[in-house]
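Report on the following structure.
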Amino acid sequence: MIANYTKTSSTRNLWAGILFGMGIVAFIDEAVFHQLLHWHHFYDKSTTSIGLVSDGFFHAFSWFATIGGLFMFADLRRKKGLWKKRWWGGILLGAGGFQLYDGTVQHKLMGLHQIRYVENLLIYDMVWNASAAAMILVGVVMVLNTRYRKYENTANAN
110 MIANYTKTSS TRNLWAGILF GMGIVAFIDE AVFHQLLHWH HFYDKSTTSI GLVSDGFFHA
170 FSWFATIGGL FMFADLRRKK GLWKKRWWGG ILLGAGGFQL YDGTVQHKLM GLHQIRYVEN
230 LLIYDMVWNA SAAAMILVGV VMVLNTRYRK YENTANAN
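Under our numbering, the letters of the sequence shown match residues 110 to 267, in that order.
Below is the structure:
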């Protein structure tokens, strides 16, 4: 199979991964921490009913992002422009970026919710944000390792 890498497909691979990564980590957050563990809702500054409605909007966002990223992925495969390493780097950037945004902006700056309502939040915050930073770091390395690929037809798809 001949790969068709262009500057446009390089950017689309990255953004398809970022969108999918944001969506999938938001889905995992909502399914695990909101629904299964009942640690928080997306918006905890009101009633439980409002919290559940906010979770529904958050869940819809996560699936729109996930499906959008998968449509871009399918289009790249169809056009033989899929660059798996760059796409996976984008996934890690999107997932880590969303998680770091959630842990800093939504948890601390806006105070929409906390990871868990316990006396000592520090360990939860540290694990949450450190895992986000690790995903971002690995994603950046993967993306940087793929940015210098020559934009020409090649038999080496990955």
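Ideal placement from N, C-alpha and C gives every residue a C-beta, glycine not left out.
Is it a yes or a no for the region 234-244 touching the region 163-178, going by three-plus beta-carbon pairs under 8 Å? Note that the region 234-244 does not touch the region 163-178; fewer than 3 beta-carbon pairs, one per stretch, sit closer than 8 Å.
May I have the straight-line CA-CA distance separating H150 from L123, to the nearest angstrom? 30 Å
Are the CB atoms of L128 and G203 nearer to each other than 8 Å? yes
Buried versus exposed call for L145 [16 or more other C-beta atoms within 10 Å across all chains shown]: exposed
Hey, how far is the Cα of K259 from the Cα of K116? In this prediction, K259 has a pLDDT of 49, which is less than 50 and means its spatial position is unreliable; what the coordinates show is noted afterwards. Going from the Cα of K259 to the Cα of K116 covers about 9 Å.
Using three-state DSSP, classify F151 as helix, strand or coil. coil
Taking 8 Å as the threshold, find out whether the region 218-226 comes into contact with the region 171-179 through three or more Cβ pairs. no
Can you name the start and end residues of the alpha helix (DSSP H) that A239 belongs to? L231 to T255
Is the region 223-242 close to the region 186-201, with three or more CB pairs under 8 Å? no
What would DSSP say about T120, mapped onto helix, strand or coil? helix
Give the range of the alpha helix (DSSP H) segment to which Q208 is assigned. Start and end: K193 to Y210.
Any heavy atom of the ligand FAD closer than 7 Å to the CB of L128? Annotation note on the ligand FAD: not contained in the displayed structure, which lists no ligands.
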